[in-house]
Structure formats: C-alpha cells, structure tokens
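A short worksheet on the structure shown next.
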Amino acid sequence: MTSSSSTVRSADGTSIAYTRRGSGPAVILVDGALCHRGMGPNARTAELLAERGFTTYAFDRRGRGESGDTRPYAVAREVEDVAALLDAAGGRAALFGISSGAALALEAAAVREGVTQVICFEPPFIVDGTKPALAADFVDRLDAHVAAGRHGAAVRQFLGEVGMPAPMIRLMALTPIWRKLAAIAPTLPNDMRIVGAHQQGGPLDRGHWAGITAPVTVIDGGRSPAWMRNGNAHLADVLGARYMTLPGQTHMVKPKVLAPALADVLGVGGSHALVAPGRVESAA
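If you read the sequence shown in the UniProt record's numbering, its first letter stands for residue 1, the second for the next number, and so on.
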C-alpha cells in the first residue's frame with residue numbers, strides 16, 4: 001500500500017498537513033475534537049479503507065498536529081481547508097466525518113462542488129430533552145480557559161459536557177495521553193462553534209444544509225446514549241439520508257468495525273451487515 005505525506009495551502013494561506021494512502025476512489029476523513037492524524041480513530045480507519053481499495057486523505061485540522069493555525073478562527077476557514085483537500089484529491093471525493101468532524105463535513109458539502117458522498121458518524125446534535133441543550137456561555141468559558149493557558153481545564157470542561165464521569169476525567173488526567181489532549185485543547189472552541197447551533201434541544205433546520213446535493217449516510221453506534229442516537233435519527237430524517245447503526249459500538253467506535261461499514265456505503269470492498277433502527281440492511 002502506497003503512502004505519502006504532504007501539505008496544501010488553504011484559501012487564507014494556512015498550511016494543512018495530510019497523508020495520502022492507497023489507490024481508488026478518494027475519501028477525505030475529517031476528525032472530531034481532540035484528534036488528528038496521529039491520534040484518534042481516523043488514522044487507523046484511513047489505513048483500513050486504503051487496504052479495501054480507496055485513496056484516503058487523512059489530515060490535521062488547523063491548529064492540530066503539523067497544520068498551521070491562522071487567526072481569527074471561523075468555521076468558513078475550516079470549510080476552505082476541506083476544499084483544499086478536495087482539490088488535492090483531484091476535485092472529487094467522498095467526505096467521512098466523525099463527531100464534530102461530521103458536522104464540518106456537512107458544512108463543506110453544502111457549499112463545495114465535487115463531494116460525491118457524505119458519511120457522518122455520530123455528529124453530537126441535541127434535538128430533544130434527553131440531554132440538556134448546550135449552555136449559552138459554554139464556548140465563552142472554553143475561550144477563557146484557552147486564553148489563560150488553562151488547557152487542562154478546557155479539556156475537563158469539554159469531557160464533562162460530552163458525558164464523561166468526573167472520576168474518569170480525574171484518572172485520565174494522570175495518564176500520558178492527557179498532555180496530548182491538552183496540546184490540542186486550544187481547538188476545542190472551534191469544534192463547539194461548528195456544532196453549537198445544533199445542540200439547542202430542538203428540531204434541526206434543513207435549510208442550513210440546503211446546498212448539499214450528494215447522498216448522505218448517517219451512522220451511529222447501537223450502544224451510544226439515547227440523546228446521540230435521537231439526534232442522528234433526526235438528522236437523517238431531516239436530510240432524507242440513509243440511517244444505519246453499528247451494533248455494539250459507542251462514540252468510541254472501533255476502526256475494524258467502522259472501516260468495513262464505510263466500504264459498504266461507498267460501494268467498494270465491503271461485506272458488513274448493518275442494523276438500522278427498525279430494519280436490517282446489508283450494504284454489501
């Protein structure tokens with residue numbers, strides 16, 4: 001399997017680092033919060049997809065890993081980063097995003113031509129009362145932590161919001177991974193700016209994604225919390241998307257389960273049965 005690393009220049013001049021693997025239809029993988037090419041499920045997922053006949057593009061979102069970080073931040077700048085990757089892929093590619101990366105993939109697909117498919121794994125949208133809506137000052141508090149250099153506090157605030165129990169956060173803070181998470185903490189407000197409008201505890205606005213013309217698939221984990229699955233089911237309904245569930249998986253999805261499912265949806269090298277709410281589907 002061939003592999004090479006390079007950079008592209010985004011519209012504002014920011015250098016975006018990426019790794020290309022494999023040969024076949026192009027897939028750009030968009031990370032969620034606290035992840036980059038060297039940390040998180042997309043790194044291994046990219047390798048497994050390349051083994052199944054795809055050209056994968058895994059990149060460091062701005063402010064992470066080896067990518068630059070031009071200020072001030074705006075969601076539109078990250079959309080331009082994805083567009084730069086699309087150009088590097090020859091102008092046509094599928095987008096796969098996980099968590100907040102799924103929300104970013106939708107943003108990009110709504111304004112950029114050349115997106116062949118959009119596959120979302122568990123964008124963290126809050127659409128009902130099964131989880132409180134995002135606090136109005138949540139992003140401001142994250143910004144304050146980052147501005148003061150309290151990166152660990154920013155990570156604690158974020159992990160608490162996504163539902164990690166406080167004792168587990170305290171234990172994690174004692175492990176080697178904590179320093180890596182703290183290094184990425186300045187990008188946490190960016191993720192929340194991407195998803196915050198969709199965490200208000202009410203119906204999603206189809207008009208927000210009116211520009212999407214590519215087929216959309218929404219995938220969740222069968223063991224994920226009700227609020228997450230409700231949000232994903234609602235998103236699929238709003239977009240008229242295919243909705244699927246990976247049995248036994250949570251938000252911390254295993255790449256060895258995820259990659260065959262993605263290959264099924266993309267139509268190359270798949271053989272994985274997916275259970276969707278209320279029905280059984282085989283995407284092979």
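The C-beta atom is built at its ideal place from N, Cα and C for all residues, glycine as well. All values derive from a computational prediction rather than experimental measurement.
Residue environment, residue i, which counts as buried when at least 16 other CB atoms sit within 10 Å
| i | result |
| --- | --- |
| Ser3 | exposed |
| Met192 | buried |
| Pro247 | exposed |
| Ser99 | buried |
| Pro165 | exposed |
| Asp264 | buried |
| Ser10 | buried |
| Gly13 | exposed |
| Pro260 | buried |
| Gly90 | exposed |
Own chain partners of residue i with C-beta closer than 7 Å, once the 5 adjacent residues on each side are dropped
| i | result |
| --- | --- |
| Ala185 | Val146, His151, Ala154 and Val155 |
| Gly278 | Interpretation of Gly278 is limited by its pLDDT of 32, a score under 50 that renders its predicted location unreliable; no figure is taken from the coordinates. |
| Asn42 | Leu29, Asp31, Cys35, Ala58 and Ile98 |
| Tyr73 | Asn190 |
| Met228 | Glu122, Pro124, Asp220 and His251 |
First through last residue of the alpha helix (DSSP H) which encompasses residue i
| i | result |
| --- | --- |
| Gln157 | His151 to Glu161 |
| Leu188 | Leu188 to Val195 |
| Pro41 | Pro41 to Glu51 |
| Asp87 | Val75 to Ala88 |
| Asp264 | Pro255 to Leu266 |
Same chain only: Cβ atoms within 6 Å of residue i, ignoring 5 sequence neighbours per side
| i | result |
| --- | --- |
| Asp128 | Asn230 |
| Ser54 | This sequence places Phe at residue 54; Ser is not what is there. Same-chain partners within the cutoff: Gly22, Gly24, Pro25 and Val27. |
| Ser67 | Ile16, Ala17 and Asp60 |
| Val216 | Val118, Leu239 and Ala241 |
| Gly201 | Ile126 and Ala133 |
Rounded Cβ spacing between residue i and residue j (contact assumed at less than 8 Å)
| i | j | result |
| --- | --- | --- |
| Ile212 | Leu106 | 7 Å |
| Ala58 | Tyr18 | 6 Å |
| Thr187 | Gly63 | 4 Å |
| Phe96 | Ile119 | 5 Å |
| residue 292 | Val195 | Nothing can be reported for residue 292, as the shown portion of the chain is limited to 1 through 284. |
| Ala109 | Ala214 | 6 Å |
| Ile169 | Gly163 | Not a contact, Cβ separation roughly 11 Å. |
Endpoints, beta strand (DSSP E) assigned at residue i
| i | result |
| --- | --- |
| Phe138 | Run containing Phe138: none in the beta strand (DSSP E); it sits in the alpha helix (DSSP H), Phe138 to Ala147. |
| Ala58 | Thr55 to Phe59 |
| Gly97 | Ala93 to Ile98 |
| Thr245 | Arg242 to Leu246 |
| Ile28 | Ala26 to Val30 |
| Val8 | Ser3 to Arg9 |
| Thr19 | Ser15 to Arg21 |
| Val115 | Val115 to Phe121 |
Residues near residue i by beta carbon distance below 8 Å, same chain, minus five either side
| i | result |
| --- | --- |
| Leu85 | Val8, Ile16, Tyr18, Ile28, Tyr57, Phe59 and Ala93 |
Inset, instruction - Please list the segments of the beta strand (DSSP E) lying wholly inside the segment 200-227, counting only runs of 3 or more residues, in order along the chain. - result: Taking only runs of at least 3 residues, the beta strand (DSSP E) segments lying wholly in the segment 200-227 are 216-221.
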